[in-house]
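Position 184, counted from 1, in the sequence shown is what numbering that gives the first Met the number 0 calls 183; the numbers after and before it change by one each time, with no gaps.
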Amino acid sequence: MSYKSIIVFAVVLIAVVGIGCGKAKNAEMQATTQLGTEPARTLPEGAIAFDYANHLYFDVMLRDSVAARMIFDTGNTNLLIDNKLFKEHFAPSETLQRTIIQGAGNSLEAAYRDTSDWTYRIGQHRQTEQGAIVMDLQKILGNEAEGMFGMEFMRGRKVEFNYADEYMRILPPEAQPEEGYICVKCKWLDGRQARMVMPISLKINDKVSFDGNFLVDMGSSGSISLNSSLVAKLKLNRVLTDVRKKIYDTGGVGGSRTDYLFVAEGISVAGCELKDVVADFSGNTQGMMAEDRFDGLIGNALLEHFDVIFDFAKCEIWLRPNKNFGTSIKYNSGMTLTPKEDCWVVNGLVEGGNAHRAGLQRGDAIISINGLSREKVNSRQLKRLDRSAEDWRVVVKRNDTTTEITFKKEKY
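Next comes the structure, spelled out in structure tokens:
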């Protein structure tokens with residue numbers, strides 16, 4: 000599993016720097032107006048809505064009584080429940096056992112496994128699984144995620160994910176993809192037949208091009224991430240010159256993570272080519288990003304360019320370019336922010352980037368962005384704010400000191 004944050008789309012904000020309290024209040028009102036009210040979505044018959052904010056957020060009902068906000072992750076096989084939700088609704092449990100799990104971080108993570116049966120419902124679809132992982136998930140994803148569900152829910156099914164209109168549909172087994180879809184034959188990562196590996200052609204620059212096999216990971220917010228084992232084989236440290244180092248205090252299950260960002264000249268999949276794609280490679284020595292069974296991860300920032308159908312019975316993925324296809328990623332804050340109740344915590348930070356040079360540090364609590372406080376901005380809106388070209392004026396709390404910092408966005 001992996002959890003990164005590359006955020007898309009643009010929205011215009013009005014930022015006013017170095018002004019009095021009265022004007023600051025007016026700027027907040029203007030910025031809030033710019034966020035606007037999101038229109039209601041019209042879904043096709045049988046569709047289940049999700050919110051796409053780097054991850055896919057679903058409303059899930061656990062054991063017919065507990066509502067939870069959960070993320071879908073193809074890199075995850077088991078039901079995963081945040082320990083806060085578990086303690087509030089399901090503890091104590093005699094079936095809880097200690098365990099160790101591995102993910103995108105650079106080490107192993109202590110967790111618990113509840114060995115009892117777990118039934119949950121998404122839309123009208125019910126699923127029962129033997130056991131669930133219980134861990135501090137909000138440490139990684141923030142307070143808008145209370146759990147994750149993964150490939151066990153999809154096993155044997157044909158499932159459509161519409162990133163542009165934000166819905167999922169469970170399709171009949173006999174349903175055929177509509178016109179424009181192209182089939183990509185995939186492979187199972189291992190004998191459990193739980194995780195898919197997809198072939199991708201990647202042109203890094205004029206010197207390096209290769210065909211690789213990448214784990215499809217809808218728990219990853221990035222586009223394409225190269226494992227450190229592949230980096231060593233291709234000697235990318237010698238080939239790439241314009242690389243930006245990004246360090247995460249919590250880079251997924253397993254703790255800290257170091258990524259190196261670069262712009263790949265092109266990625267080809269299903270006969271379609273995306274140009275100038277922001278990608279990254281891992282500096283981890285342990286965990287999933289150091290694996291050699293596959294070359295890296297394919298995440299949501301790549302998949303969002305397509306309508307996607309997973310045929311989990313046949314190990315196939317069908318792709319069709321959608322209305323977002325080819326939309327380039329031009330700006331971001333250079334930070335990955337973890338949402339808390341009253342702030343965002345700076346979890347990942349580009350070293351030497353504009354935010355870093357302006358004075359921001361990992362672990363800082365951001366109280367507001369361009370006059371907008373945490374309670375006024377959900378994760379979908381934050382995604383748009385982050386991809387806007389607008390400078391950010393942030394109010395930062397560090398220890399007992401509060402300060403205001405203004406910086407320009409990173410441009411790719």
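For every residue, glycine included, the Cβ atom is placed at its ideal position computed from N, Cα and C.
All values derive from a computational prediction rather than experimental measurement.
query	result
If you reduce the DSSP assignment to three classes, tell me which class Ala300 lands in.	helix
Can you give, in chain order, each stretch of the alpha helix (DSSP H) that sits fully within the region 360-401 and has at least 4 residues?	378-386
List, from N- to C-terminal side, the beta strand (DSSP E) runs of 3 residues or more that fit wholly inside the region 40-127.	50-52, 54-61, 65-71, 79-81, 95-101, 107-121
Nearest to Leu42 by CA position, among Phe160, Asp63, Leu78, Glu409, is which residue?	Phe160
Can you tell me whether Lys24 is helix, strand or coil according to DSSP?	Confidence in Lys24 is poor, its pLDDT being 42 and thus under 50, which makes the residue's placement unreliable; the coordinate value appears in the next sentence. In the structure shown, Lys24 sits in a helix (DSSP, three-state: H, G or I).
Restricting to Cα atoms, I'd like to know which of Glu315, Leu302, Leu235, Ala144 is closest to Glu340.	Ala144
Using alpha carbons as the reference points, say which of Thr337, Ser372, Arg112, Met60 lies closest to Asn142.	Thr337
In angstroms, rounded to a whole number, what distance separates the CA positions of Arg356 and Cys185?	43 Å
Select from Ile368, Ala388, Gly352, Phe261 the residue whose C-alpha is nearest the C-alpha of Lys396.	Ile368
Who are Ser281's beta bridge partners in DSSP?	Asp258
In angstroms, rounded to a whole number, what distance separates the CA positions of Ala354 and Ile246?	13 Å
Can you name, in chain order, every residue of its own chain whose Cβ lies under 6 Å from the Cβ of Glu403, other than the five neighbours on each side?	Val394
Cα-Cα, which of Phe293, Leu229, Gly325, Tyr180 is closest to Phe280?	Leu229
To the nearest angstrom, report how far apart Arg292 and Gly282 are at their CA atoms.	17 Å
Could you tell me the distance, in whole angstroms, from the CA atom of Ala278 to the CA atom of Leu348?	16 Å
What are the partner residues of Asp210, as DSSP defines its beta bridges?	Ser200
Thinking Asp113 and Thr127 are a contact (beta carbons under 8 Å), I'd like their distance in whole angstroms, please.	That pair is no contact at about 14 Å.
Evaluate the contact criterion for the region 225-242 versus the region 59-75: three or more CB pairs, one atom per stretch, below 8 Å.	no
Just to check my reading of the structure: Ile297 and Val207 have Cβ atoms closer than 8 Å, yes? What is that Cβ distance to the nearest angstrom?	Not confirmed; about 18 Å, so no contact.
With Tyr119 and Arg97 assumed to form a contact (beta carbons below 8 Å), what rounded beta-carbon distance in angstroms separates them?	With a Cβ gap of about 23 Å, Tyr119 and Arg97 do not count as contacting.
In the structure shown, what three-state DSSP assignment does Ile266 receive?	strand
Give me the Cα-Cα distance between Asp390 and Ser332, rounded to the nearest whole angstrom.	9 Å
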